[in-house]
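Here the structure comes first, spelled out in structure tokens, and everything after it is commentary.
There are 2 protein chains.
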Amino acid sequence: MREPTFFVLASLADGRKHGYGIIKDAEELSDGRVRLKVGTLYAALERLTAEGLVEAAGDEVVDGRARRYFVLTDSGTASLAAEAERQALNAARARARLTQRAAKSAVTTPKAATA
Amino acid sequence: MREPTFFVLASLADGRKHGYGIIKDAEELSDGRVRLKVGTLYAALERLTAEGLVEAAGDEVVDGRARRYFVLTDSGTASLAAEAERQALNAARARARLTQRAAKSAVTTPKAATA
DNA sequence: CGATATATATCGACGGTCGTACTATGGTCG
DNA sequence: CGACCATAGTACGACCGTCGATATATATCG
């Protein structure tokens, strides 16, 4: 799963949201790092709906603007959870190797004694 | 960064390796989950070399078979570290939301009292 | 001798994302 | 009042990393 898709699900994990709301929420949730493009978002919502991870949850007109709402399905919740586990594990594995590497290079390339 | 690319870097974080060795190592490192395709691997190695994250580290012939070795550059090490941080953070954020969601649904949909 | 593992190269196809352009309404500022 | 920005959604061509398949070559095992 790619990052934009991941944040669409993560955003909807918070509850019922409409497209533009997801964009804003994802940006906040990622500390400004992930700015979903409209094309990416609606393509993802269609795809995720077809896959059953997301469901349409009503169209409303607020302040004269049409909104399409969506919610996470149980399947979507499970997918997000699995993906989060996977990423956490991957990150942990990579970190472990990087720590080892740093320790090794500290021995191989001693710049200044820690004493 | 996509998962295959991430594991190519993570594998090389362990030290100098050749293509096929990376495939085997990535599979092990990911508990069998990530099986790099040869096309993906060599394309990634070329790309990463062009980007300066990876460097060619000598061709050798072992048991009559040609091997192309690669190592991580400092830039590659930094990229991998940054990517691991990012994924760990994303996963943590998603988990937090899922926990909240579970707590909320437990109140909304009480199945059996915990008492 | 045929099958499997090692080792690399190449290439068309696919799919998710990006970038851009477009339509439309409401609110703010000069 | 007109210009501009935020909100809200639609549409589409292009890009790029990955996949799947095919190919070549050597060593080993049965």
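Protein sequences appear in the order of chains A and B.
Residue numbers in the first sequence follow the numbering used here, run continuously in steps of one, and reach 115 at the last position.
Residue numbers in the second sequence follow the numbering used here, run continuously in steps of one, and reach 230 at the last position.
Built from N, CA and C at the ideal position, the CB exists for glycine as well.
Note that this is a predicted model, so its numbers are computed, not measured.
Per-residue DSSP class, three states only, for residue i
| i | result |
| --- | --- |
| B:D189 | helix |
| A:K37 | coil |
| B:R226 | Going by the sequence as given, residue 226 of chain B is Lys instead of Arg. If DSSP states are grouped into helix, strand and coil, B:K226 belongs with coil. |
| A:D31 | coil |
| B:R208 | helix |
| A:R2 | coil |
Beta-carbon proximity list for residue i, same chain, < 8 Å, skipping 5 on both sides
| i | result |
| --- | --- |
| A:Y20 | R67 |
| B:I138 | R150, L151, V153 and L156 |
| B:S145 | F122 |
| A:E83 | M1, F6 and L9 |
| B:L127 | I137, V169, F185, V186, L187 and G191 |
Neighbour flag for residue i against chain A, beta carbons, 8 Å
| i | result |
| --- | --- |
| B:T224 | no |
| B:D174 | no |
| B:T192 | yes |
| B:A203 | yes |
| B:R216 | yes |
| B:A289 | Nothing in the structure corresponds to residue 289 of chain B, since chain B is present only between 116 and 230. |
| B:D178 | no |
| B:A159 | no |
| B:A128 | yes |
| B:A171 | no |
Proximal residues to residue i (C-beta, below 6 Å), its chain only, five neighbours per side dropped
| i | result |
| --- | --- |
| B:Y184 | R131, H133, A172 and G173 |
| A:P4 | L36 and T40 |
| B:D140 | S126 |
Those residues which DSSP pairs with residue i across a bridge
| i | result |
| --- | --- |
| A:E60 | A:R67 |
| B:E170 | B:V186 |
| B:K132 | B:F185 |
Residue i to residue j span [Cα, whole Å]
| i | j | result |
| --- | --- | --- |
| B:G203 | A:V62 | Looking at the sequence shown, residue 203 of chain B is not Gly but Ala. Straight-line Cα distance between these residues: approximately 37 Å. |
| A:A94 | B:A218 | 31 Å |
| A:R97 | B:V153 | 23 Å |
| B:Q215 | A:D14 | 8 Å |
| A:R65 | A:E27 | 22 Å |
| A:L48 | B:M116 | 21 Å |
| A:L53 | A:F6 | 11 Å |
| B:A221 | A:T77 | 15 Å |
| B:L195 | A:S75 | 31 Å |
| A:A44 | A:T109 | 48 Å |
| A:E60 | B:A125 | 47 Å |
| A:E85 | A:A91 | 10 Å |
| A:G32 | B:E166 | 26 Å |
| B:E161 | B:K226 | 55 Å |
Cβ shell of residue i (< 7 Å), same chain only, five flanking positions each side left out
| i | result |
| --- | --- |
| A:E55 | T49, F70, V71 and T73 |
Interface flag, residue i vs chain B, CB-CB below 8 Å
| i | result |
| --- | --- |
| A:F70 | no |
| A:L29 | yes |
| A:G98 | The question names Gly, yet the displayed sequence has Leu at residue 98 of chain A. By this cut-off, A:L98 is an interface position. |
| A:L36 | no |
| A:L53 | no |
| A:A91 | yes |
| A:R47 | no |
| A:A106 | no |
| A:D25 | no |
| A:A84 | yes |
| A:R95 | yes |
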